[in-house]
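> The structure's right below; bear with me while I get my questions together.
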RNA sequence: UCCGCGAUAGCUCAACGGUAGAGCAGCCGGCUGUUAACCGGCGGGUUCCUAGUUCGAAUCUAGGUCGCGGAGCCA
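Residue numbers (my numbering): 1 to 533.
What follows is the structure, given as structure tokens:
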């Protein structure tokens with residue numbers, strides 16, 4: 001008997017590298033390390049498992065390996081490939097559906113989340129538990145299946161697994177399990193957010209979301225950026241953007257008071273504290289030291305927004321670059337978005353095909369259009385001219401100095417240009433203090449990237465690096481420069497031109513997948529009045 | 001927060017002041033290398049809550065709750 005300590009393995013589908021410490025007693029351990037093709041290694045083990053291991057015993061004693069059934073623990077994704085034919089495998093997953101044949105056997109559609117598709121298990125009537133277990137497998141039940149991968153004689157799949165063993169791990173009573181073998185509305189699935197990842201759509205969303213997250217890290221790493229973890233709790237109540245969630249350990253029933261007001265000097269941080277609405281200011285500090293950085297983390301807005309595009313808790317990516325001007329910033333934003341799209345199309349082909357067929361027929365057209373065309377650069381002033389000359393009647397009036405509304409942005413990107421558009425140089429009165437003032441004195445170096453279908457997906461700017469002008473802008477907006485002392489230090493000591501932007505992860509996933517509601521592209525959405533699960 | 005729409009079987013919906021139904025799924029049976037399988041049968045309801053109008057309310061009225069869409073705020 002051998003106690004397995006650790007196992008390392010390479011990517012599935014390629015030769016497997018196993019590192020195994022197998023101690024017979026105490027410190028008498030053996031590390032095996034080598035590149036072994038599938039089929040050579042008859043182990044189905046997990047760390048901590050105690051089991052007999054003839055192959056390892058053979059290695060230790062120099063004997064040849066015994067002949068016995070060879071089982072590789074593999075994913076559904078692996079066995080659906082034609083190359084898997086002939087392999088003996090162990091699969092673990094959840095039953096999607098079962099179809100019985102009076103020929104005396106059953107088909108089981110098995111999914112383990114590794115990919116969009118299921119693998120068809122052929123379970124013969126000869127299995128000892130066929131009548132008792134297999135014929136009562138319900139949607140949602142968890143099973144272990146051993147068997148041989150064979151080419152499928154019927155249409156619909158390249159391979160199927162002929163089971164030699166089917167073990168039920170956890171039943172899923174059909175009369176109670178909410179997920180049925182039929183389409184459900186996203187609205188209903190939101191009420192069972194803990195089960196919805198088991199559906200086609202939400203599995204696909206989760207895999208695309210993972211791929212996008214990885215693309216973000218890959219892209220920035222390759223470009224020489226450093227990932228900086230900016231704080232989630234902030235004690236500066238003056239970040240400007242949006243309503244804040246308060247963080248406090250005071251007793252809400254009886255907070256300490258001074259002069260009738262809550263005395264935050266007795267609170268955990270000795271002052272009022274909040275959940276972050278942006279890591280940008282801290283990001284600037286690190287950009288002004290490391291050159292190019294990005295943040296990627298959760299962000300919180302306490303706004304009472306009830307729309308398919310807003311969450312109270314969402315994930316945001318905020319790159320910040322020293323020695324970048326607005327032009328550099330736009331170029332980065334464009335290549336960044338294009339990279340995310342092309343990675344997803346290449347590496348999530350099956351899931352993207354699902355979205356195109358079942359969620360949004362336009363998704364490929366839209367993404368390919370974005371990939372193959374340069375993003376247009378249009379100044380705010382030009383955009384206002386276009387809107388004024390469009391002959392359209394607007395619910396909100398268009399005039400230089402007015403903020404652009406959803407209807408204006410949608411017109412520009414969806415009807416007028418039919419392409420992603422970067423709008424830049426907005427009136428200074430519309431934008432926050434940290435954006436760099438242009439020589440005209442009227443506009444600031446802001447940019448918004450608008451995409452068809454979603455609207456604003458990126459907002460950014462070149463930052464104001466001149467101390468006196470920055471302080472003036474703060475006062476202009478009713479802020480106290482003293483409260484931003486550390487931020488102003490970045491301009492007092494070795495100030496540099498720099499720029500950055502923010503990208504909403506969930507809005508990016510909406511854009512990529514064609515999903516319509518932001519609550520359906522985050523695992524457990526938090527919205528006003530709703531923090532279930 | 002404002003405007004609009006909605007809430008009926010596990011799910012999706014119908015019933016438009018007069019006995020609450022269908023499809024799907026579930027259960028049972030039949031049939032089949034099946035694949036959103038198909039065919040037959042069966043069970044399944046506090047019509048969101050509270051109050052009101054009425055001989056009678058799923059239906060009309062008022063208030064509330066929750067959900068969805070549009071707008072604002074923004075990513």
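Glycine included, C-beta positions come from ideal geometry on N, C-alpha and C.
Roughly how many whole angstroms lie between the Cα atoms of residue 334 and residue 433?
In the first chain, the residue the question calls residue 334 occupies position 334. In the first chain, the residue the question calls residue 433 occupies position 433. C-alpha separation (whole angstroms): 25 angstroms.
> Helix, strand or coil for residue 481, going by three-state DSSP, please let me know.
In the first chain, residue 481 corresponds to position 481, counting from 1. In the structure shown, residue 481 sits in a helix (DSSP, three-state: H, G or I).
> Between residue 150 and residue 212, is the Cβ-Cβ spacing less than 9 angstroms?
For the purposes of this step, residue 150 is taken as residue 150 along the first chain, with counting starting at 1. For the purposes of this step, residue 212 is taken as residue 212 along the first chain, with counting starting at 1. Pairing residue 150 with residue 212 gives a Cβ-Cβ distance that is not under 9 angstroms.
> Note down the Cα distance separating residue 582 from residue 148, rounded to an integer number of angstroms.
In the structure as shown, the chain begins at 1 and stops at 533. Residue 582 is therefore absent and cannot be evaluated.
> Hey, could you find the ends of the alpha helix (DSSP H) residue 201 is sitting in?
Your numbering for residue 201 matches position 201 in the first chain. First-last of the alpha helix (DSSP H) with residue 201: 200-222.
> Would you call the region 490-504 in contact with the region 342-353, where contact means no fewer than 3 C-beta pairs closer than 8 angstroms?
The region 490-504 vs the region 342-353: no contact.
> Report the start-end ranges of each beta strand (DSSP E) in the region 127-164 that is 3 residues or longer and not cut off at the edges.
The region 127-164 contains these whole beta strand (DSSP E) runs: 142-151.
> CA-CA distance, residue 425 and residue 404?
Along the first chain, one-based indexing puts residue 425 at 425. Along the first chain, one-based indexing puts residue 404 at 404. Spanning the two alpha carbons is a distance of roughly 13 angstroms.
> Would the region 468-488 count as touching the region 259-270 if we require 3 or more Cβ pairs under 8 angstroms?
no
> Alpha carbon to alpha carbon, how far is residue 390 from residue 523?
In the first chain, counting from the first residue as 1, residue 390 sits at position 390. In the first chain, counting from the first residue as 1, residue 523 sits at position 523. In a straight line, the C-alpha of residue 390 is about 41 angstroms away from that of residue 523.
> Kindly list the residues whose CB is nearer than 7 angstroms to the CB of residue 477, restricted to its own chain and excluding five residues on each side of it in sequence; keep chain order.
Position 477 of the first chain, counted from the first residue, corresponds to residue 477. Around residue 477: 433.
> Using 9 angstroms as the threshold, is the C-beta distance between residue 170 and residue 141 below it?
Residue numbering aside, residue 170 sits at position 170 when the first chain is read from its first letter. Residue numbering aside, residue 141 sits at position 141 when the first chain is read from its first letter. Going by C-beta atoms, residue 170 is nearer than 9 angstroms to residue 141.
> So the candidates are 256, 215, 223, 91; which of them puts its Cα closest to the Cα of residue 165?
Along the first chain, one-based indexing puts residue 165 at 165. For the options 256, 215, 223, 91, the alpha carbon positioned closest to that of residue 165 is the one of 91.
> So what does DSSP say about residue 121, is it helix, strand or coil?
Here residue 121 refers to the residue found at position 121 of the first chain. Residue state, collapsed to three classes: strand.
> Please state whether the Cβ-Cβ distance between residue 324 and residue 345 is less than 9 angstroms.
Here residue 324 refers to the residue found at position 324 when the first chain is read from its first residue. Here residue 345 refers to the residue found at position 345 when the first chain is read from its first residue. Taking the C-beta atoms as reference points, residue 345 is found no nearer than 9 angstroms to residue 324.
> Does residue 406 come out as helix, strand or coil in the three-state DSSP assignment?
Walking along the first chain from the start, residue 406 turns up at place 406. Helix at residue 406.
> With a threshold of 16 other CB atoms inside 10 Å of the CB of residue 412, please say whether the residue is buried or exposed.
The residue given as residue 412 occupies position 412 in the first chain. In the assembly as shown, residue 412 is a buried residue. Its beta-carbon has 16 or more other beta-carbons within 10 Å.
> Looking only at its chain, what residues have a beta carbon closer than 6 angstroms to the beta carbon of residue 295, apart from the 5 residues adjacent to it on each side?
Taking the first residue of the first chain as 1, we reach residue 295 at position 295. For residue 295, where only same-chain residues beyond five positions count, the Cβ hits under 6 angstroms are 228, 230, 279, 283, 318.
> Per DSSP, what are the beta-bridge partners of residue 488 in this structure?
As a first step, residue 488 must be located in the first chain, where it is residue number 488. Per DSSP, none; premise fails for residue 488.
> Between which two residues does the alpha helix (DSSP H) holding residue 469 run?
Residue 469 sits at position 469 when you count from the first residue of the first chain. Run containing residue 469: 467-476, per the alpha helix (DSSP H) assignment.
> Within the same chain, show all residues whose beta-carbon is closer than 6 angstroms to that of residue 116, passing over the 5 residues directly before and after it, in chain order.
By one-based count along the first chain, residue 116 stands at place 116. The answer, listed in chain order, is 204, 350, 351, 354.
> Quick check: what's the CA-CA separation for residue 274 versus residue 297?
Here residue 274 corresponds to residue number 274 of the first chain, with the count starting at 1. Here residue 297 corresponds to residue number 297 of the first chain, with the count starting at 1. Rounded to whole angstroms, residue 274 to residue 297 spans 16 angstroms at the Cα level.
> Alpha carbon to alpha carbon, how far is residue 138 from residue 96? Give it in angstroms, no decimals.
Position 96 of the first chain, counted from the first residue, corresponds to residue 96. Position 138 of the first chain, counted from the first residue, corresponds to residue 138. Distance between the alpha carbons of residue 96 and residue 138: 8 angstroms.
> According to the neighbour-count rule (16 or more other Cβ atoms, all chains shown, within 10 Å of its Cβ), is residue 463 buried or exposed?
As a first step, residue 463 must be located in the first chain, where it is residue number 463. Buried, since its Cβ has 16 or more Cβ neighbours within 10 Å.
> Are there three or more Cβ pairs, one per stretch, closer than 8 angstroms when the region 408-422 is compared with the region 448-468?
yes
> From the DSSP output, which residues share a beta bridge with residue 564?
The question about residue 564 has no answer, for the chain in this structure spans 1 to 533.
> Could you spell out where the alpha helix (DSSP H) holding residue 283 opens and where it closes?
In the first chain, the residue the question calls residue 283 occupies position 283. Counting along the chain, the alpha helix (DSSP H) containing residue 283 begins and ends at 280-290.
> Thinking just about the alpha-carbon of each residue, which of 156, 93, 100, 210 is nearest to the one in residue 505?
Sequence index remark: in the first chain, residue 505 carries index 505 (1-based). That would be 210, whose Cα lies nearest to the Cα of residue 505.
> Nearest to residue 163 by alpha carbon, out of 93, 293, 136, 89?
As a working note, residue 163 is residue 163 in the first chain. The candidate whose alpha carbon is nearest that of residue 163 is 89.
> Roughly how many angstroms separate the alpha carbons of residue 330 and residue 184, rounded to a whole number?
In the first chain, the residue the question calls residue 330 occupies position 330. In the first chain, the residue the question calls residue 184 occupies position 184. Their backbone Cα atoms lie some 41 angstroms apart in a straight line.
> Could you tell me how far apart the beta carbons of residue 201 and residue 82 are, in whole angstroms, since I believe they sit closer than 8 angstroms?
As a first step, residue 201 is located in the first chain; it is residue number 201 there, counting from the start. As a first step, residue 82 is located in the first chain; it is residue number 82 there, counting from the start. In this structure, residue 201 and residue 82 do not form a Cβ contact; the two beta carbons are roughly 27 angstroms apart against a cut-off of 8 angstroms.
> DSSP three-state label for residue 440, please.
Position 440 of the first chain, counting from 1, holds the residue named residue 440. DSSP places residue 440 in coil when its eight states are reduced to three.
> So, is residue 428 buried or exposed, given that buried needs 16 or more other C-beta atoms within 10 angstroms?
Here residue 428 refers to the residue found at position 428 when the first chain is read from its first residue. Buried, by the Cβ-count rule.
> What residues match up with residue 530 in a beta bridge as DSSP calls it?
Here residue 530 refers to the residue found at position 530 when the first chain is read from its first residue. Residue 530 is bridged to 527.
> Using CA atoms only, rank isn't needed, just tell me which of 519, 246, 509, 510 is closest to residue 188.
Here residue 188 is taken as the residue at index 188 of the first chain, counted from 1. When each option's Cα is compared against that of residue 188, the closest is 519.
> Could you check what DSSP says for residue 328 in three-state terms: helix, strand or coil?
Start at 1 with the first residue of the first chain, and residue 328 comes out as number 328. Three-state DSSP puts residue 328 in a helix.
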